[in-house]
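Chemist:
Residue numbers (the numbering used here): 5 to 317.
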């Protein structure tokens, strides 16, 4: 019999959805980081699909409902980022400059502006919510008022991988800090427009702490108000690993050594209050620390000298 070559039907490879692959990769990153902040960024970036649903379920488990339902609503986020009329005008002007007509630049986000925002977001492969987010503002070249404040990271120190944060974390200061600190366990957050990072480097002297800060392009923290003091303390008071406690027999004192701050005393300064200043160069307003409300003082030994560091009682 003659041999007949059968023609097999062409088998089409399953289509690969780049968006689904991106969502899967980001989902794995968010799982490794595990903070509400990063899960919110994930949901903002990936609004639909299986992974978006799983992310929302995760947020429902780890974040209080009152916070989840209010502070991260698109309108609430936009109001925080653009609190005044001029900033909203700037958004409308930026949209028009990029070819997205938004009507009269009057600082009022009506239907035409919302549609322009949606079209701009879609063009830039962002979720088309019609509300300004940090990602949308950055793509427009608009400087927003501030970023969300509070503790960004876990409340206890841990190591963060810069590759996991990249693509989800929107604060460039965080990315720069984590990249610089490498594999030091840390807690970080924002207050008053500044980013604060507490790194757990083990028992160190002040010059080393100052060097670490300067190598990262920053300085040890200055504390000039009760509110700032309370926030900085909140970054590490929940983690006993930030403290070294013991007894110093020569002076018959118990000590509790916490993270370094940038309060330094001139060698010629008269004890106990003379010659103190902030390493950052920021002016001390009166007697910043000693005039703050009731608290306990923690004496920190630096070589043969002591520093009084004040945390909320």
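Cβ atoms here follow ideal geometry from the backbone N, Cα and C, with glycine treated the same way.
Could you check where the alpha helix (DSSP H) with residue 43 kicks off and where it finishes?
Modeler: 40–49
Chemist: Kindly confirm or deny that the stretch 206–219 and the stretch 162–181 touch, where touching means at least three C-beta pairs closer than 8 Å.
Modeler: The stretch 206–219 is not in contact with the stretch 162–181.
Chemist: Just to confirm, are residue 95 and residue 141 a CB contact at a threshold of 9 Å?
Modeler: yes
Chemist: Quick check on DSSP: helix, strand or coil for residue 22?
Modeler: Looking at residue 22 - three-state DSSP - the assignment turns out to be helix.
Chemist: For the stretch 50–131, list the alpha helix (DSSP H) runs that are entirely contained and at least 4 residues long, ordered along the chain.
Modeler: Secondary structure within the stretch 50–131: the alpha helix (DSSP H) runs of 4 or more consecutive residues, fully enclosed, are 54–66, 69–74, 78–85, 89–101 and 115–127 (chain order).
Chemist: Grab me the residues of residue 225's own chain with a C-beta within less than 7 Å of its C-beta, minus the 5 sequence neighbours each way, in chain order.
Modeler: 200, 236, 265 and 266
Chemist: Looking only at its own chain, which residues have a Cβ that is under 7 Å from the Cβ of residue 86, when we skip the five neighbours before and after it?
Modeler: The residues are 92, 95, 136, 148 and 149.
Chemist: If contact is defined by three or more beta carbon pairs under 8 Å, each pair taking one atom from either stretch, is the stretch 176–187 in contact with the stretch 47–66?
Modeler: no
Chemist: Please list, in chain order, all residues of the same chain as residue 163 whose beta carbon is under 6 Å from its beta carbon, the five residues on each side excluded.
Modeler: 187 and 189
Chemist: Per DSSP, which one or two residues make a beta bridge with residue 198?
Modeler: 195
Chemist: Within 10 angstroms of the Cβ of residue 83, are there 16 or more other Cβ atoms? Answer buried if so, exposed if not.
Modeler: exposed
Chemist: Quick one: Cα of residue 49 to Cα of residue 114, how far?
Modeler: 24 Å
Chemist: For a test of the three-state rule: what should DSSP assign to residue 209, helix, strand or coil?
Modeler: coil
Chemist: So what's residue 148 in DSSP terms, helix, strand or just coil?
Modeler: coil
Chemist: How would you write the range of the beta strand (DSSP E) that residue 257 sits in, first residue to last?
Modeler: In the DSSP assignment, residue 257 falls within the beta strand (DSSP E) that extends over 257–261.
Chemist: Would the beta-carbon of residue 175 be found less than 8 Å away from any heavy atom of the ligand ATP?
Modeler: The model depicted lacks the ligand ATP and carries no ligand whatsoever.
Chemist: Which two residues bound the contiguous beta strand (DSSP E) that contains residue 267?
Modeler: 267–269
Chemist: How many Å lie between residue 45 and residue 89 at the Cα?
Modeler: 26 Å
Chemist: How would you label residue 105, buried or exposed, when you count the other beta carbons within 10 angstroms and need 16 or more for buried?
Modeler: exposed
Chemist: In angstroms with no decimal places, state the Cα-to-Cα distance between residue 101 and residue 110.
Modeler: Distance between the alpha carbons of residue 101 and residue 110 is about 15 Å.
Chemist: Is the beta carbon of residue 248 sitting closer than 9 Å to the one on residue 260?
Modeler: yes
Chemist: Identify the continuous beta strand (DSSP E) that holds residue 248 and give its terminal residues.
Modeler: If you look at residue 248, you'll find it in the beta strand (DSSP E) that goes 248–252.
Chemist: Could you tell me if residue 191 is buried or exposed, where buried requires 16 or more neighbouring beta carbons within 10 angstroms of its beta carbon?
Modeler: buried
Chemist: Is the separation between the beta-carbon of residue 220 and that of residue 185 shorter than 9 Å?
Modeler: yes
Chemist: Looking only at its chain, what residues have a beta carbon closer than 6 Å to the beta carbon of residue 243, apart from the 5 residues adjacent to it on each side?
Modeler: 160 and 161
Chemist: Out of 216, 276, 208 and 79, which has the shortest C-alpha to C-alpha gap to residue 246?
Modeler: Taking only the C-alpha atoms, the option nearest residue 246 is 208.
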